[in-house]
Amino acid sequence: MSGDPTVNVGAGLSTTLSGGISNGTQAGDLVKTGAGTLLLTGADTYTGSTEVATGTLEVVGSLASSVSVDNGATLTGTGSTGNMTIASGALVSPGGDGVGTLTVNGNVSMASGSSYQVNATDTGSNDLIHATGTATLGGGSVIALEAGSNWNVSTKYTILTANSGVSGTFGGSTSNFAFLTPTLSYDANDAYLTLARNTTAFASVGVTPNEIHTAAAIESTSSSAVYNAILPLAAGPAQAAFATLAGDNLASTRTAIVDDSHYVRDAINNHLQGVQGTGETVQQDDQGSVWVSTWGHGGSQDSDGNAAAMSSTGSGVLVGTDRELGTWRVGAVAGSGQLSNSSTEGAADAHSTDTVLGLYTGVDLGAWQLQGGAAHSWYTTRSHRQIDVAGIAGSETARYDNSVTQTYVDGGYQFTFARSSLTPFVDLARVWIHQGAINEGGGAAALDVQANGSSVNYGTAGVRGVFEPSPGLQLHASVGFQHAWGDLQSINQQQFVGGSDSFSVAGLPVSMNAGVVDLGMRFSLSKNVSVDASYHGQFASDATDQGARMALNVSF
Numbered sequence: 002m003s004g005d006p007t008v009n010v011g012a013g014l015s016t017t018l019s020g021g022i023s024n025g026t027q028a029g030d031l032v033k034t035g036a037g038t039l040l041l042t043g044a045d046t047y048t049g050s051t052e053v054a055t056g057t058l059e060v061v062g063s064l065a066s067s068v069s070v071d072n073g074a075t076l077t078g079t080g081s082t083g084n085m086t087i088a089s090g091a092l093v094s095p096g097g098d099g100v101g102t103l104t105v106n107g108n109v110s111m112a113s114g115s116s117y118q119v120n121a122t123d124t125g126s127n128d129l130i131h132a133t134g135t136a137t138l139g140g141g142s143v144i145a146l147e148a149g150s151n152w153n154v155s156t157k158y159t160i161l162t163a164n165s166g167v168s169g170t171f172g173g174s175t176s177n178f179a180f181l182t183p184t185l186s187y188d189a190n191d192a193y194l195t196l197a198r199n200t201t202a203f204a205s206v207g208v209t210p211n212e213i214h215t216a217a218a219i220e221s222t223s224s225s226a227v228y229n230a231i232l233p234l235a236a237g238p239a240q241a242a243f244a245t246l247a248g249d250n251l252a253s254t255r256t257a258i259v260d261d262s263h264y265v266r267d268a269i270n271n272h273l274q275g276v277q278g279t280g281e282t283v284q285q286d287d288q289g290s291v292w293v294s295t296w297g298h299g300g301s302q303d304s305d306g307n308a309a310a311m312s313s314t315g316s317g318v319l320v321g322t323d324r325e326l327g328t329w330r331v332g333a334v335a336g337s338g339q340l341s342n343s344s345t346e347g348a349a350d351a352h353s354t355d356t357v358l359g360l361y362t363g364v365d366l367g368a369w370q371l372q373g374g375a376a377h378s379w380y381t382t383r384s385h386r387q388i389d390v391a392g393i394a395g396s397e398t399a400r401y402d403n404s405v406t407q408t409y410v411d412g413g414y415q416f417t418f419a420r421s422s423l424t425p426f427v428d429l430a431r432v433w434i435h436q437g438a439i440n441e442g443g444g445a446a447a448l449d450v451q452a453n454g455s456s457v458n459y460g461t462a463g464v465r466g467v468f469e470p471s472p473g474l475q476l477h478a479s480v481g482f483q484h485a486w487g488d489l490q491s492i493n494q495q496q497f498v499g500g501s502d503s504f505s506v507a508g509l510p511v512s513m514n515a516g517v518v519d520l521g522m523r524f525s526l527s528k529n530v531s532v533d534a535s536y537h538g539q540f541a542s543d544a545t546d547q548g549a550r551m552a553l554n555v556s557f
């Protein structure tokens, strides 16, 4: 080179020089400018100096030249250089984003205020600067450590070696570790870094109740795989890990099952409304009926700031038969269904199948309409959680049983007009759920959840309307306000399978208040056969659920 050439690489760009630069082709000094990265991969033998004025110089090959790194610039790579000088405000990071050794064929000097970024792998290797000459540390230099799961506690990492001796010290170390404090030590030829547990409690980093409870339980395990995976994290990743490890989706599944249960009650109630009073579209002298109802629905529920948001889909079929006994109609139902729910982040899901048996009754007292019933469902649930915390990543799965018992009573007073009716009504229901013990399998993050039970009450007040535009065809609708009380919050008591203190985690709660709406039509296919098609919607401030139902009734 005649003169001192400058290589300028713009911000966000990378330029590679793979051919060796030598004195035979060029002479002088090389100056790197621009905010981008210059990558040297060849055997560069020129003897002029190399200056990193701005941006990044990455040396992967060999560089005979001495290198100086100015304030704000960065030197990285796994190759070799001549003498290396790191100015105040400059950064050296062997290996770049990975881990590697940067070899200095000569002396290294790090000024006060310069930074040395050190990374490590889970196999115990770490970044290293190896000088064949001396290392002069300016006392004010800083070791910049990036938190991550690859660091090991109490391991003595060699971060700098100088064959001809180390003089001076680093001024200290900085890091974003939440639970570890780095310390530096020296001997004649080496500088070492050791990480030690500090006094920051895991729970103090958690934000939500679920994170705090989970963090405290993990810390109680002391030296488990889960504990060791959390230990080298920064505060933000630790919070995310606690949220993942809490398993709140297991508790939210219970809420999803309770919410899903009303489709059985609705199918029974809709049938009774269709065969009694002004709901009848077929023969008026029938003494009994056989019917089938099937439905599908989907909905979502927002996060409450503690448990993750959830979406769910479900379907079911119910077959029933009943008979009139005076003013009473008494019947029985049997059916099955399925329900899938998952966290909106896609990290956890559950699928439940159920079998249901029930009894119901209705009484037609003229203007007064009364219905009621009871049903019991047996659920088999398969759950899955994907853990993405480094060191314990994997899938945690379980198969367990739930059971649901529900009862309801519905009463209204019917005002009848020429071709229509209006019925103000009140509906009361109670749902008991027993969740069997959950014993996950998979890895260190698996949970053992205690069996538990809870109950939720629902009260709905509203009005139903029926309009018959022509014989054998009815349009029906209902709107109401639903209020829930009781054990609205689904709470699990659990511990990690490897052993930990027991801790509580809350899932999403049952919505306290919601608006409910049903729209549909009934029409007769023959003298004793009718069909009902309807829409159901339930809308709360934090949750929605919408479904469609089709029913066939044969009277006799």
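Taking my numbering, the leading residue of the sequence shown gets 2, the next gets one more, and so forth.
By construction, the Cβ of each residue, glycine as well, lies at the ideal position given by its N, Cα and C atoms.
*For residue 218, which three-state DSSP category applies?*
For this step, residue 218 is matched to residue 217 along the sequence shown. In this structure, residue 218 counts as helix in the three-state DSSP scheme.
*Using only alpha-carbon positions, find the residue among 270, 9 and 78 that is nearest to residue 413.*
Here residue 413 refers to the residue found at position 412 when the sequence shown is read from its first residue. When each option's Cα is compared against that of residue 413, the closest is 270.
*Can you tell me whether DSSP reads residue 16 as helix, strand or coil?*
The residue you call residue 16 lines up with position 15 of the sequence shown. Assigned with DSSP and collapsed to three states, residue 16 falls in strand.
*For residue 199, which of helix, strand or coil comes out of DSSP?*
Translated into positions along the sequence shown, residue 199 becomes position 198. Judged by DSSP in its simplified three-state form, residue 199 adopts coil rather than helix or strand.
*Same chain, Cβ closer than 6 Å to residue 295, five either side skipped, listed in chain order*: Within the sequence shown, residue 295 is the residue found at index 294, counting from 1. Closer than 6 Å at the Cβ level, and outside the excluded window around residue 295, lie 318 and 551.
*asked:* Does residue 20 pass the burial test, meaning 16 or more other C-beta atoms within 10 Å, or should it be called exposed?
replied: One-based indexing of the sequence shown puts residue 20 at position 19. So residue 20 ends up on the exposed side.
*Could you pull the start and end residues of the beta strand (DSSP E) that residue 266 belongs to?*
Stepping through the sequence shown from its first residue, residue 266 is reached at position 265. Where residue 266 is concerned, there is no enclosing beta strand (DSSP E), although the alpha helix (DSSP H) it sits in stretches over 263-276.
*Under the assumption that residue 202 contacts residue 177 (Cβ atoms under 8 Å), give the Cβ distance between them as a whole number of angstroms.*
As a working mapping, residue 202 is identified with position 201 in the sequence shown. As a working mapping, residue 177 is identified with position 176 in the sequence shown. So it is not a contact: roughly 17 Å between Cβ atoms.
*At what residues does the beta strand (DSSP E) containing residue 497 begin and finish?*
For this step, residue 497 is matched to residue 496 along the sequence shown. That run of the beta strand (DSSP E) goes 492-497.
_Would residue 70 and residue 76 be called neighbours here (beta carbons separated by less than 8 Å)?_
The residue you call residue 70 lines up with position 69 of the sequence shown. The residue you call residue 76 lines up with position 75 of the sequence shown. Taking C-beta atoms as the reference points, residue 70 and residue 76 count as a pair closer than 8 Å.
_Just to confirm the assignment: which complete beta strand (DSSP E) runs, minimum length 3, are found wholly within the stretch 363-414?_
Within the stretch 363-414, the runs of beta strand (DSSP E) that reach at least 3 residues and sit entirely inside it are, in chain order, 369-388 and 395-414.
*Separation of residue 44 from residue 28, as counted between CA atoms*: The residue labelled residue 28 in the question sits at position 27 within the sequence shown. The residue labelled residue 44 in the question sits at position 43 within the sequence shown. Low local confidence applies: a pLDDT of 49 at residue 28 is under 50, so the model's placement there is unreliable, and no value is given.
_Local conformation of residue 259 per DSSP, three classes_ = Locating residue 259 in the sequence shown gives position 258, where the first residue counts as 1. The answer is helix: DSSP assigns residue 259 an H, G or I state.
*Provide the residue span of the beta strand (DSSP E) that contains residue 321, from first to last.*
Sequence index remark: in the sequence shown, residue 321 carries index 320 (1-based). Counted as a single uninterrupted DSSP element, the beta strand (DSSP E) harbouring residue 321 occupies residues 311-326.
_Inter-stretch contact at 8 Å, needing at least 3 Cβ pairs: the stretch 246-259 / the stretch 537-545_ = Taking 8 Å as the limit for Cβ pairs, the verdict is that the stretch 537-545 does not touch the stretch 246-259.
*Pick helix, strand or coil for residue 229, following the three-state DSSP scheme.*
Here residue 229 refers to the residue found at position 228 of the sequence shown. Looking at residue 229 - three-state DSSP - the assignment turns out to be helix.
*Identify, in the order they occur along the chain, each residue of the same chain with its Cβ nearer than 7 Å to the Cβ of residue 291, setting aside the five sequence neighbours on each side.*
For the purposes of this step, residue 291 is identified with residue 290 of the sequence shown, where counting begins at 1. Apart from the 5 residues on each side of it in sequence, residue 291 sits with its Cβ closer than 7 Å to the Cβ of 322 and 555 in its chain, given in chain order.
*Going straight from the alpha carbon of residue 260 to that of residue 242, what length do you get?*
Position 259 of the sequence shown, counted from the start, is the residue given in the question as residue 260. Position 241 of the sequence shown, counted from the start, is the residue given in the question as residue 242. Between the alpha carbons of residue 260 and residue 242 lies a distance of about 29 Å.
*Flag this pair as yes or no: are the beta carbons of residue 113 and residue 87 separated by less than 8 Å?*
As a working note, residue 113 is residue 112 in the sequence shown. As a working note, residue 87 is residue 86 in the sequence shown. Taking 8 Å as the Cβ cut-off, residue 113 and residue 87 do not qualify as a contacting pair.
_Candidates 531, 517 and 497: closest to residue 222 by CA position_ = Numbered from 1 along the sequence shown, position 221 holds the residue referred to as residue 222. Checking every option, the nearest Cα to that of residue 222 belongs to 497.
_As assigned by DSSP and simplified to three states, the class of residue 82_ = On the sequence shown, residue 82 is found 81 positions in, with the first residue counted as 1. Strand.
_Does the beta-carbon of residue 358, which I'm using as the reference point, lie nearer than 7 Å to any heavy atom of the ligand ZN?_
Absence of the ligand ZN from the depicted structure is noted, as is the absence of any ligand whatsoever, leaving it without description.
*Would you identify the three-state DSSP class for residue 281, choosing helix, strand or coil?*
Indexing the sequence shown from 1 puts residue 281 at position 280. Here residue 281 sits in coil by DSSP.
*Where residue 501 and residue 447 are concerned, what is the direct C-alpha to C-alpha distance, given to the nearest angstrom?*
Counted from its first residue, the sequence shown places residue 501 at position 500. Counted from its first residue, the sequence shown places residue 447 at position 446. Computed Cα separation, rounded: 11 Å.
*Own chain residues within Cβ distance below 6 Å of residue 171, not counting five before or after*: Here residue 171 refers to the residue found at position 170 when the sequence shown is read from its first residue. Same-chain partners within the cutoff: 138, 142, 144 and 185.
*If you draw a straight line from the alpha carbon of residue 531 to that of residue 393, how long is it in whole angstroms?*
Locating residue 531 in the sequence shown gives position 530, counting from the first residue. Locating residue 393 in the sequence shown gives position 392, counting from the first residue. Between residue 531 and residue 393, the C-alpha separation is close to 57 Å.
*In its own chain, which residues sit with a C-beta less than 8 Å from the C-beta of residue 468, not counting the 5 before and 5 after it?*
For the purposes of this step, residue 468 is taken as the residue at position 467 of the sequence shown. If we look at residue 468 and ignore the five residues flanking it on each side, its Cβ neighbours are 420, 421, 475, 476 and 477.
_Taking its Cβ as the centre, do 16 or more other Cβ atoms sit within 10 Å of residue 248, making it buried, or is it exposed?_
What you label residue 248 is simply residue 247 of the sequence shown in a count that begins at 1. Buried, by the Cβ-count rule.
_Beta-carbon proximity of residue 232 to residue 154, cut-off 8 Å_ = Residue numbering aside, residue 232 sits at position 231 when the sequence shown is read from its first letter. Residue numbering aside, residue 154 sits at position 153 when the sequence shown is read from its first letter. Yes, these two residues count as a Cβ contact at 8 Å.
*What distance in whole Å lies between the Cβ atoms of residue 174 and residue 146, which are believed to be in contact at a cut-off of 8 Å?*
Position 145 of the sequence shown, counted from the first residue, corresponds to residue 146. Position 173 of the sequence shown, counted from the first residue, corresponds to residue 174. About 6 Å separates the Cβ atoms of residue 146 and residue 174, confirming a contact at the 8 Å cut-off.
*Starting from residue 135, follow the alpha helix (DSSP H) in both directions and report where the run begins and ends.*
Here the question's residue 135 lines up with position 134 in the sequence shown. Run containing residue 135: none; DSSP gives neither H nor E here.
*asked:* Three Cβ pairs or more, each shorter than 8 Å: is that satisfied between the stretch 358-373 and the stretch 384-393?
replied: Contact fails: fewer than three Cβ-Cβ distances are below 8 Å.
*asked:* Between the stretch 329-336 and the stretch 309-316, can you find at least three pairs of beta-carbon atoms closer than 8 Å?
replied: Cβ pair count under 8 Å is below three, so no.
*Rounded to whole angstroms, how far is the Cβ of residue 330 from the Cβ of residue 363, which I believe are closer than 8 Å?*
Sequence index remark: in the sequence shown, residue 330 carries index 329 (1-based). Sequence index remark: in the sequence shown, residue 363 carries index 362 (1-based). That pair is a contact at about 5 Å.
*Taking the continuous beta strand (DSSP E) assigned at residue 448, which residues delimit it?*
Numbered from 1 along the sequence shown, position 447 holds the residue referred to as residue 448. In this chain, the beta strand (DSSP E) harbouring residue 448 covers 448-450.
*Secondary structure at residue 180, three-state DSSP: helix, strand or coil?*
What you label residue 180 is simply residue 179 of the sequence shown in a count that begins at 1. DSSP places residue 180 in coil when its eight states are reduced to three.
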